[in-house]
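Written out below as structure tokens is the structure these notes cover.
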Amino acid sequence: MGKPITIENKQQINIIMKKTIFIFFFFASISNVYSQFEKIETFQKNLIEDEITASNVALVFKDSEILYHHIENSKNPNAKAIDNNTIFPIWSMSKPITIVAMMILHEKGLINFEDKVSKYIPEFENLKCKGDDGIYKCKKDLTLFHLMTHRSGYKYYDKPEFFTSTLKYDNLKDFASDVANHPVEFEPGSKYEYGINMLLIWQYLEE
Numbered sequence: 215m216g217k218p219i220t221i222e223n224k225q226q227i228n229i230i231m232k233k234t235i236f237i238f239f240f241f242a243s244i245s246n247v248y249s250q251f252e253k254i255e256t257f258q259k260n261l262i263e264d265e266i267t268a269s270n271v272a273l274v275f276k277d278s279e280i281l282y283h284h285i286e287n288s289k290n291p292n293a294k295a296i297d298n299n300t301i302f303p304i305w306s307m308s309k310p311i312t313i314v315a316m317m318i319l320h321e322k323g324l325i326n327f328e329d330k331v332s333k334y335i336p337e338f339e340n341l342k343c344k345g346d347d348g349i350y351k352c353k354k355d356l357t358l359f360h361l362m363t364h365r366s367g368y369k370y371y372d373k374p375e376f377f378t379s380t381l382k383y384d385n386l387k388d389f390a391s392d393v394a395n396h397p398v399e400f401e402p403g404s405k406y407e408y409g410i411n412m413l414l415i416w417q418y419l420e421e
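Using the working numbering, the first residue of the sequence shown is number 215, and each one after it goes up by one.
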């Protein structure tokens, strides 16, 4: 007959069983995660094949940790290859980031919303306004607050050759300098017009 199972042996058996179960679920979990990642990669490939996107990149974060990062480049000769250093324009998604940055500086007492934009971007010193009788030097100074509240006088412009097309500029400084040479639609602060203001604020932040 075998040895009787003691309490100590039972505890050891329980520990072994728990470890076995843990290992099983751990590897099952890992397998499931990788299965999900494969689905993401397949989805990326399909986006390119269906011509929904050109080259693309996908990231999965959890608790500040990168779980998945994959770049899928298009084989189309007209598509631009991307890498880890590629910068993507995110358009209006930059607005919350810009305003949060401004509020942080304000809370630290580093900026005044009533500061003139020309204090940081000198090209705006002689800003021109559009009026019924033509172009004239603006009576009011353009301030940071005007930009933040879309009351600068700048709007979005439809013609692609106009300065709104930021893609033709190498940096925001060149963009802002060009904008400063064009008259605003009305006196700063007098009206509301949704427009290119956040781009000018970001140039201020860079300065």
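Even glycine gets a Cβ: it sits at the ideal position worked out from N, Cα and C. Since the model is a prediction, treat every value here as computed from it, not as a measurement.
Item                                                                                                          : Value
Beta strand (DSSP E) segment containing Leu422, residue limits                                                : Residue 422 lies beyond the range of the chain shown here (215 to 421); nothing can be said about it.
Cβ shell of Glu421 (< 6 Å), same chain only, five flanking positions each side left out                       : Tyr334
Reduced DSSP secondary structure (H/G/I, E/B, other) of Ile296                                                : coil
When Ile313, Lys276, Asn270, His283 are compared against Ala293, the one with the closest alpha-carbon        : Asn270
Outcome for Phe338 when other beta-carbon atoms lying within 10 angstroms are tallied against a minimum of 16 : buried
Cβ-Cβ distance between Lys413 and Ala315 below 8 Å                                                            : It is worth fixing the name first, because residue 413 is Leu in this sequence and not Lys. In this structure, Ala315 does not lie closer than 8 Å to Leu413 by Cβ.
Extent of the continuous beta strand (DSSP E) to which Tyr350 belongs                                         : 348-351
For Thr312, three-class secondary structure by DSSP                                                           : helix
Between the CA atoms of Thr256 and Phe239 - distance to the nearest angstrom                                  : Interpretation of Phe239 is limited by its pLDDT of 46, a score under 50 that renders its predicted location unreliable; no figure is taken from the coordinates.
8 Å contact criterion, which Pro402 and Arg365 should meet: CB distance rounded                               : 7 Å
Cα-Cα separation, Tyr406 to Thr363                                                                            : 8 Å
Beta-carbon proximity of Val398 to Gly367, cut-off 8 Å                                                        : yes
Cβ separation of Ala272 and Ile296, assumed to be a contact under 8 Å, to the nearest whole Å                 : Actually they do not touch by this definition, with Cβ atoms about 12 Å apart.
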